[in-house]
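See structure below.
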Amino acid sequence: MSDRREQIVDAAAHVAAENGLASLSVRVVAARAGLGASTLRHYFPTQADLYHAVVGRLLHPHLDDLRIQDRDASATERLAECMGQFLPRKEDHAAQLESWLAAYALAVGPERTDNGAHLLASMAQHARERVDGWLAVLESEGSLRGTDRGRHVTTLLAVVDGLCLELVTPGSLTTVELAHSILDEVIENVVVVS
């Protein structure tokens, strides 16, 4: 990434950290980076391009490859560890899902915005790319059921989204432990060859 592009992504990440991802705009980020809007547009022609770069920067440290390459562990265990990063690890961390839900509300809720739609699209694209990468490793080992890796990506992300929604639903009986257990079962019985 060029120095100028990196400077813009740094500025955008700081704006997002201070005011939330929905606060990103070309003008705000350009001002924070000390650039004109036209210079920013040279590096990021669309708002979606800017969102994609920033979301990638913010999500990447939270979605590690962990032991996906470690053949000493079972494919099920490795994928469950990686996919488990999308879920909270402890009950008191479930509140973090409120930001995830807010991103959906900004994209598809009654007060939806274009920025919210760009944000959610970018988050979804990064998640798909990450999960697809993990599944590609397992596929190369012959550990993936069937030949439709894209379908497995969709299945896993649909399960994770459903579990996250269940975890933020008031009165839900789903615990963090149960959510991880359900995800593990889906991986073992639907995605990975035992």
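Quick note: the sequence shown uses UniProt numbering, first residue 1, plus one each step. We treat Cβ as the ideally placed atom computed from N, Cα and C, and that holds for glycine. For clarity, every value in this text was computed on a predicted model and none was experimentally measured.
Enclosing alpha helix (DSSP H) for residue i [first to last residue]
i, result
"Leu59", "47 to 59"
"Thr39", "37 to 43"
"Asp184", "176 to 186"
"Arg151", "149 to 168"
"Ala30", "26 to 33"
"Glu98", "97 to 108"
"Leu79", "75 to 83"
"Arg4", "3 to 19"
Strand pairing of residue i, partner residues [DSSP]
i, result
"Leu144", "Val192"
Local Cβ density within 10 Å of residue i, reported as buried at 16 or more and exposed below that
i, result
"Ala158", "exposed"
"Gln47", "buried"
"Lys108", "The residue you asked about is not Lys; residue 108 is Val in the sequence shown. Exposed is the call here."
"Gly116", "buried"
"Ala23", "Residue 23 is actually Ser in this sequence, not Ala. Burial call: exposed."
"Arg78", "buried"
"Pro88", "buried"
"Leu173", "exposed"
CB contact flag (residue i, residue j, <8 Å)
i, j, result
"Leu63", "Arg149", "no"
"Arg5", "Tyr51", "no"
"Glu81", "Leu66", "yes"
"Val192", "Ala75", "yes"
"Leu119", "Ala94", "no"
"Met83", "Leu138", "no"
"Leu167", "Val153", "no"
"Val29", "Ala11", "yes"
"Val15", "Arg32", "yes"
"Arg57", "Ala105", "no"
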